[in-house]
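Numbering (full-length UniProt numbering), first residue to last: 1 to 399.
Using N, Cα and C, we set each Cβ at its ideal position, and we do this for glycine too.
The structure presented is a predicted model; accordingly, all values stated were derived computationally and were not measured.
Pasting the structure below:
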């Protein structure tokens, strides 16, 4: 029996719908319906003409928006690779293999200031005391992020060590390590123009937010870092810190239009690092109220269809907007079928900046600072990912 259990492997999901339990139920835990305690209101979405100036879709908004009819738009799809990566994370890596190497707790020892990060040879105390406000260094150095925010995944710095479950337990029970970890989180928030308000994880714009938001909107490889930061918060005992940060990014990207380039990353990645489906639902409802054009919102609940409430064959339709519409007419069905055929000029896949940056990085042509990490292994991964880019993105979602 022991050998049978030891050889059993979790069957990985094969569709976006199998990865996403936000609007349904699977093995993920949920919380009972209750008043929203995150400051995210479930109010009725304002009409197009009532949107505030400067918000996406408002009159005079100069940011690029999809304003054509649904029939003339490219076919937008959610990324299966992103959904699967975050599914594995939320379920604590169900097929994770325990390393046979002795657990040296290198991430914990780094945070106890006993060993430096490799290859730079810098200790955590030096980073926390000298790097705050050194934005050029934080932008162009690409080796520290895997040490500051460790995961049970390998990043692009192959000198960094993956977390183990035993090390996570030790880390969460070590006050000195947790104190420095929050210091590292505050350091990165300041780099992005955000300040940590309290021990509950609430955040707000910092005094330098305008300059830093402009940089963050343009320097999109930082979106990969933010995915890692959010994942690491959850691994090391700060799951509750995620929702306030994700909510702020939704406000800035959807409502205030200060981070328009971040919209896709927030909705496809950041929201789905959150483990509680009820929290994800509140964030996505908020996003749906402000997303423009409304019909292009991909992350809502599946629409109810005639004859059972789900799509054909009993499966949930992918990429739904969450708007409950009547059954399509034969003409609408014909147009939809034409728009999804490989030969149709309307078909296509929108590639986000988050995905495009990852392609550049792994192919060795990424932002300044990655040249030293352009190993043969990274280039091979990049080639593999570029070959499959038509169907989605590589499952790596952080540096």
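Item                                                                                                                                                 : Value
Are at least three pairs of beta-carbons, each pair with one atom in the stretch 202-218 and one in the stretch 173-192, less than 8 Å apart?        : yes
Residues bridged to residue 194 by DSSP?                                                                                                             : 205
In three-state DSSP terms, what is residue 145?                                                                                                      : helix
Could you give the distance in angstroms between the alpha-carbon of residue 349 and the alpha-carbon of residue 249?                                : Since pLDDT at residue 349 reaches only 38, below the 50 mark, its modelled position is unreliable, and the value read off the structure follows with that caveat. Cα to Cα, the separation comes out at about 24 Å.
Apart from the five residues on each side of it in sequence, which residues of its chain come closer than 6 Å, Cβ to Cβ, to residue 272?             : 86
So for residue 298, helix, strand or coil by DSSP?                                                                                                   : coil
Quick one: what's residue 236 bridged to in DSSP?                                                                                                    : None, per the DSSP bridge assignment.
Less than 8 Å between the CB atoms is what I'm expecting for residue 213 and residue 254, so what's the real figure, rounded?                        : The Cβ separation is near 14 Å, so there is no contact.
Taking C-alpha atoms, which residue in 233, 153, 166 lies nearest to residue 184?                                                                    : 233
Would you mind stating whether residue 235 and residue 163 have Cβ atoms separated by less than 8 Å?                                                 : yes
For residue 181, which of 222, 139, 159, 238 has the nearest alpha-carbon?                                                                           : 238
Per the DSSP calculation, residue 128 is bridged to which residue(s)?                                                                                : In DSSP, residue 128 forms no bridge with anything.
On the CB-based measure, 16 or more other CB atoms within 10 Å of its CB, does residue 15 come out buried or exposed?                                : exposed
From 80, 167, 222, pick the residue whose C-alpha is nearest to that of residue 135; which is it?                                                    : 222
If you drop the 5 nearest sequence neighbours on each side, which residues of the same chain put their C-beta closer than 6 Å to that of residue 93? : 152
Classify residue 20 as buried or exposed, calling it buried when 16 or more other Cβ atoms lie within 10 Å of its own Cβ.                            : buried
What does the Cβ neighbour count give for residue 197, buried or exposed, with the cut at 16 atoms within 10 Å?                                      : exposed
Quick one, which of 297, 240, 292, 294 has its alpha-carbon nearest residue 276's?                                                                   : 240
Using only alpha-carbon positions, find the residue among 219, 243, 220 that is nearest to residue 230.                                              : 243
Three-state secondary structure (DSSP) at residue 122?                                                                                               : strand
Are residue 167 and residue 107 close, meaning C-beta to C-beta below 8 Å?                                                                           : yes
Identify the residues that DSSP records as bridge partners of residue 117: which are they?                                                           : 122
Which word fits residue 11, buried or exposed, when buried means at least 16 other C-beta atoms lie within 10 angstroms of its C-beta?               : exposed
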